[in-house]
Amino acid sequence: MRIFQNWMCCCKKPVKHNLFYRVKKMQPLHDIQQAFFRVVYENEFSLSSEIKDAKGLNGESRLKVYQSSILGIQTDALAAVYPVIKKLVGDEFFLAMGKAYLRKYFSPSGDLHNLGGQMAEFLQDFEPAKSLPYLADVAKLEWIWHRIFHAADEENLDFNELAKIPVEQHGQLQFYLRDGARLLASPYPVHRIWQLNQDDCKDEESVDLDEGGVQLLVTRNGYEIEMHPLNDDEWKFLQLIQLGVSLSGITEKIPEYPLDELLPQCVAKGWINRFEIRA
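This note's numbering puts the sequence shown at residues 1191 to 1469.
Set out below in structure tokens:
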């Protein structure tokens, strides 16, 4: 027994109209993506002829809304990574500089934490910032701060494991800086510039660029970033560690260094946190 009568006609599914894009001949997705990339980062609006007018905005104006939104989000992300740079140059300068940076160094990563890694390189050649020669090194310090802050937590080196290594193999030991540690040398007192431009800094004194440069090891202790000025012995020793030189190689290169003091100190401070025995 039929419950429903047969339909005498059929209805087509309503056509969903594209409200944004003029559909002529469908372009490959890659070509559309490349055209949109040029809109955002190269200020090239040939794609606008394919965009419908709407709400009083022509195709180019509609694309500029997207361009402004994307560059705004990414510039804000740069400001979060480089707050001291922003404070030193001012909001308006930083906004223009940020957009110039984004157009030169596009990040292929969708993670905003990876945005801004070439800022120091960019500032070295950025003509409007030439009057601030220390700016690139401050950017290096801020990028180190950013990467270390987001680095994974690590265990300290176990002295008991180190004590198990036979004396005859000590020369084959290769030590490693912890992942959350970076070396930075600058002819400018960048650590002082950074410190005096923190929001919670009460010190009103200015930085004298003639006070000289600094050799730093930047580390993280919990959620605190620490900057350790290094003397020449510490700097050269940690540089060799960073380069992967074994203990015997370090002894050959710098036989006068007090390794019996430097190594235990660096391990105790957590700067060095792992080792291996090289063949």
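Positions of the beta carbon are idealized from the N, C-alpha and C atoms, including for glycine. None of these values were measured; they are calculated from a predicted model.
Under the DSSP assignment, P1273 falls in the alpha helix (DSSP H) whose first and last residues are 1273–1279. By a beta-carbon distance limit of 8 Å, L1374 contacts K1330. Their separation comes to about 6 Å.
Of the other Cβ atoms in all chains shown, fewer than 16 fall within 10 Å of the Cβ of S1258; this residue is therefore exposed. Of the candidates Q1362, L1433, A1310, the residue whose Cα lies closest to the Cα of I1334 is A1310. The Cβ atoms of G1300 and A1269 do not sit closer than 9 Å to each other. Taking all protein chains in view, the Cβ of Q1359 is surrounded by fewer than 16 other Cβ atoms within 10 Å, so the residue is classified as exposed. With respect to the 9 Å criterion, L1406 and F1427 are not classified as neighbours on the basis of their beta carbons. Restricting attention to Y1366, K1245, K1354, F1312, the CA atom closest to the CA of E1344 is found in Y1366.
Spatial neighbours of E1234 in its own chain (CB-CB distance under 7 Å, excluding positions within 5 residues in sequence) are listed in chain order as R1228. Fewer than three Cβ pairs drawn from the stretch 1247–1256 and the stretch 1267–1287 lie within less than 8 Å of each other, which leaves the two stretches out of contact. Exclusion of the five residues before and after G1361 leaves S1436, L1437, S1438, T1441 as the residues of its chain whose Cβ lies within less than 8 Å of its Cβ.
By the neighbour-count criterion, in which 16 or more other beta carbons inside 10 Å mark a residue as buried, R1372 falls on the buried side. Here the alpha carbon of I1415 sits roughly 21 Å from the alpha carbon of R1464. Each of D1393, V1404, A1353 was checked against the Cα of E1466, and the nearest Cα belongs to A1353.
Straight-line measurement puts the Cα of F1349 at about 10 Å from the Cα of I1355.
For L1373, no alpha helix (DSSP H) segment is defined; the enclosing uninterrupted segment is the beta strand (DSSP E) at 1371–1376. For H1381, the secondary structure class from DSSP, reduced to helix, strand or coil, is helix. DSSP places L1322 in the coil class of the three-state scheme, outside both helix and strand. Per DSSP, L1363 is not a residue of any alpha helix (DSSP H); the beta strand (DSSP E) it occupies stretches across 1363–1367. Just so you know, the alpha carbons of Q1432 and H1303 end up roughly 24 Å apart. In the DSSP assignment, I1444 is bridged to no other residue.
Closest in alpha carbon position to W1461, among I1338, K1392, A1469, is I1338. Just measuring C-alpha positions, the residue of V1380, G1412, M1417, Y1413 sitting nearest D1400 is V1380.
Secondary structure in the stretch 1380–1458: the alpha helix (DSSP H) runs of 4 residues or longer, each lying completely within the stretch, are 1380–1386, 1422–1432, 1437–1443, 1449–1458 in chain order.
Between E1332 and V1274 the beta-carbon gap is near 6 Å, inside 8 Å, which marks them as a contact.
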